[in-house]
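Okay, structure first, notes after.
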Amino acid sequence: QVHLVESGGGLVQPGGSLRLSCVASGSWFGIYTTGWYRRAPGNQRGFVASITNGGNINYASSVKVRFIISRDNDKNMVYVQMNSLNHDDTVDYYCNVNIRQDYWGQGTQVTVSS
1 QVHLVESGGG
11 LVQPGGSLRL
21 SCVASGSWFG
31 IYTTGWYRRA
41 PGNQRGFVAS
51 ITNGGNINYA
61 SSVKVRFIIS
71 RDNDKNMVYV
81 QMNSLNHDDT
91 VDYYCNVNIR
101 QDYWGQGTQV
111 TVSS
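Residue numbers for the sequence shown follow my numbering, so the first one is 1 and each next one is one higher.
This is how it looks when you write it as structure tokens:
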């Protein structure tokens, strides 16, 4: 069974930072690519970043340089460090893994506001 739980969202001022965490269930974690997506109300989820089990990383162009994805296979955790946040980053963030189908967490909300 695949179960993902995100945490770490909240309110932050423009230019600030947040680190989101995702804990995953199951022994599959060390095998598959995991990633972060985000969605504004009324929109589809959009890709943010992904990291393979070997540590290969991809970023969306909108977050490259500002965001850093990492994972800890021993703890079944994936993180995204978000820096230099702006109002456009105010959306819900979701942890993802694809094991023959997409699995999602419940999401964590990030609000960038002064």
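In this text, a Cβ means the ideal position worked out from N, Cα and C, and glycines have one as well.
Using only the alpha-carbon positions, how far apart do residue i and residue j sit?
i: TYR37; j: ILE69; result: 12 angstroms
i: SER50; j: ASP74; result: 18 angstroms
i: ASP3; j: ARG39; result: A quick correction: the sequence has His, not Asp, at residue 3. Those two C-alpha atoms are separated by around 19 angstroms.
i: TYR103; j: VAL97; result: 5 angstroms
i: VAL63; j: SER114; result: 20 angstroms
i: SER61; j: PHE47; result: 10 angstroms
i: GLN101; j: GLY55; result: 21 angstroms
i: CYS95; j: ARG45; result: 11 angstroms
So, at 7 angstroms on beta carbons, what are the nonlocal neighbours of residue i in its own chain, with the 5 sequence-adjacent residues on each side left out?
i: ASN86; result: PRO14, VAL112
Take residue i and list the residues in its own chain whose beta-carbon comes closer than 6 angstroms to its own, dropping the five residues that flank it on each side.
i: VAL5; result: VAL23, GLY105
i: PHE29; result: ASN76
i: ARG71; result: ILE51, VAL78
i: ASP92; result: ARG39, GLY107, GLN109
Measuring CB to CB, does residue i end up less than 8 angstroms from residue j?
i: GLY9; j: VAL110; result: yes
i: THR34; j: VAL80; result: no
i: SER7; j: ASN83; result: no
i: ILE31; j: ASN58; result: no
i: SER27; j: GLN1; result: no
Using the three-state DSSP reduction, which class does residue i fall into: helix, strand or coil?
i: ASP102; result: strand
i: ASP121; result: The chain is shown only over 1 to 114; residue 121 falls outside these bounds and no answer can be derived.
i: ARG66; result: coil
i: TYR32; result: coil
i: GLY9; result: coil
i: ALA24; result: strand
Return the Cβ separation of residue i and residue j in integer angstroms, given the expectation that the two are a contact with Cβ distance under 8 angstroms.
i: LEU11; j: THR108; result: Rounded, the Cβ-Cβ distance is 12 angstroms, inconsistent with contact.
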